[in-house]
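Here's the structure we're looking at; comments come further down.
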Amino acid sequence: MPVTKPREMKTSAARRVIDPIDSTVATSGWTCTNCSVEVPKEEAFCKICSFARPMDRHGVPQIFTDLTITFNGIIPRSVKHQSHSVEWRMAERHGATCMVELDFGRVNVLVYRPGYERSEKVRKCVEAGRGVFVVPITWMLDCLLQSRQIHPSLFHLAAIPLVPQPTVKGMDLPHHHHPYYVMNVKEYTLAAAGRAVADGAIAAREVVTSPENMKLPPTFQIPELRYTNIDIYEAVCSAAGEGRLVEKEDEHSDDVREGRNRATDIEVFKGDQRNNRVNNALFSGIKFLLTPVLESNPLVVKALVACGGRVIISSHGKLGELLRNSTTHVLYDHSEKKCPILIEAAHVKKTVPGLILVQSNWAEDCMIFKELIPPYGPYAPSAKLMETLEKKYKKRAAA
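Written out as structure tokens, the structure reads:
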């Protein structure tokens with residue numbers, strides 16, 4: 029058997045990721061990601077294993093990177109293969125690796141359909157306690173709608189309920205009415221069905237003829253309706269700049285303060301910005317030290333200050349003294365989890381246990397849910413990352 033060269037393997041892998049279904053740079057076809065069989069480019073799925081061709085990921089936010097997802101009760105049994113379903117293709121195109129079987133060695137997220145809380149798959153994940161997040165399908169669709177990964181812990185099913193939620197029978201499932209699903213279901217439908225509709229429309233246009241020398245208006249391509257999302261920090265700054273704050277009586281109402289919040293104050297849809305309200309006491313008493321990327325973003329600084337926080341500038345003193353005496357929270361971006369500020373902060377935390385290291389999406393979720401979420405679990409650095417930061421500190425000190 030001929031040995032594939034590493035360079036050829038790299039090219040083949042790149043082709044599987046960036047080639048769209050409808051057009052391809054390959055002359056002969058595409059390679060199935062499941063069985064590695066060459067498939068003609070006009071085919072939408074492999075004839076050997078029925079695995080669908082992955083969609084084009086170029087220019088699409090990879091919000092599900094490093095997630096391996098399996099579904100429970102979501103994909104209809106009428107499809108030829110699970111990879112043909114809309115939900116599978118949505119998750120896969122945005123960076124996830126989807127699997128048919130529940131493999132605890134690889135799967136870290138189980139997406140279930142409401143009403144399946146007591147199913148066998150859900151029970152295995154919840155009762156086994158193997159680190160698999162069990163979340164409803166609304167979590168995935170909300171992530172896609174906001175173009176960011178919401179922490180699965182906010183939707184995680186922690187215990188098996190005595191009675192499952194009501195579900196429906198048939199093909200019209202509740203999540204099919206979610207805004208993101210309604211607006212994008214045609215785009216994520218397998219190419220074979222979508223191409224037939226497009227070919228019919230082209231044929232209909234070709235039948236229509238017009239008299240010679242007739243002046244016709246130009247043809248306009250009107251895009252389909254899309255929700256326009258804006259950055260959370262931008263939404264907070266916009267609301268704060270216009271003076272839209274949480275009502276004072278709501279802040280001091282016992283019923284509101286003691287009851288758990290079920291609504292949001294910050295919407296990321298551009299059309300709903302007029303409904304945003306800023307809680308200017310949300311981060312009261314918190315002193316943030318930001319990593320360079322966050323500190324250089326004026327929207328982040330302005331949003332934290334608008335919510336009652338105080339931002340400590342890293343250049344206004346020695347880093348160690350600022351961390352010990354002037355800082356309560358070190359806010360870092362995921363791309364800067366090994367930056368010098370975080371290395372120093374991890375070392376200082378050993379002597380100052382009250383110092384909190386937390387990712388920037390913790391602040392985003394706090395602004396959206398208008399309450400301070402505990403900065404632990406998925407928001408805090410992992411034990412492995414803390415060990416790595418400590419090793420880097422010792423290596424830097426020895427140099």
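FYI, in the working numbering the residues of the sequence shown are 29 to 427.
Quick reminder that beta carbons are idealized off the backbone N, C-alpha and C, glycines included.
Just so you know, these numbers come straight off a predicted model, no measurement behind them.
T93 counts as exposed, since fewer than 16 other beta carbons sit within 10 angstroms of its beta carbon.
Sixteen is the threshold: since fewer than 16 other Cβ atoms of the shown chains lie within 10 Å of the Cβ of F132, the residue is exposed. Of I396, V160, S266 and G198, the smallest CA-CA separation from L327 is found for S266. With the rule of 3 Cβ pairs closer than 8 Å, the region 149-158 does not count as touching the region 203-212. DSSP places Q387 inside the beta strand (DSSP E), whose first and last residues are I384 to Q387. A contact between stretches requires three or more CB pairs, one per stretch, nearer than 8 Å, and the region 386-402 meets this requirement with the region 346-360. Shown here, G133 sits in coil according to DSSP, grouped into three states, outside any helix or strand. In terms of Cβ geometry, I294 and L317 do not form a close pair [threshold 9 Å].
The C-alpha of Q387 lies about 43 Å from the C-alpha of K69. Between the C-alpha atoms of I369 and L347 there is a straight-line separation of about 8 Å. Counting only the Cα atoms, S363 lies some 14 Å from I371. With contact defined as three or more Cβ pairs closer than 8 Å, the region 110-129 and the region 86-100 are in contact. Secondary structure note for E148: it is in no beta strand (DSSP E), and the uninterrupted alpha helix (DSSP H) holding it is E148 to A156. Where H357 is concerned, the enclosing beta strand (DSSP E) starts and stops at H357 to Y360.
Annotated as proximal: M168 and I97, with beta-carbon spacing under 9 Å.
In the three-state reduction of the DSSP assignment, Y421 falls in the helix class, which pools H, G and I. In the three-state scheme derived from DSSP, where H, G and I count as helix and E and B as strand, A80 is classed as strand. Note that the C-beta distance between H203 and R117 is not below 9 Å. In this structure, Y144 is the residue among V162, F183 and Y144 with its C-alpha nearest to the C-alpha of V196. Shortest Cα-Cα distance from E270 to any of P320, L400 and N304 involves N304.
Beta bridge pairing from DSSP links C394 with no other residue. In the structure shown, E262 adopts helical secondary structure according to DSSP, grouped into three states. The straight-line gap separating the alpha-carbon atoms of R105 and F73 is approximately 17 Å.
The Cβ-Cβ distance between K365 and L413 falls below 9 Å. When V380, G101, G159 and V128 are compared, the shortest CA-CA separation from D200 is found for G101. Selection R81, H344, G345 and R272 evaluated against A334 yields R272 as nearest (Cα-Cα).
Taking the Cα positions, R85 is about 37 Å away from N307. Pairing K423 with T319, the inter-Cα distance amounts to about 21 Å.
For T379, the secondary structure class from DSSP, reduced to helix, strand or coil, is coil. Considering only F397, N353, K398 and I396, the residue with the shortest C-alpha distance to P381 is N353.
Across the structure, G313 and R338 are spaced so that their CA atoms are roughly 8 Å apart.
Distance from the CA atom of V191 to the CA atom of L185, rounded to whole angstroms, is 13 Å.
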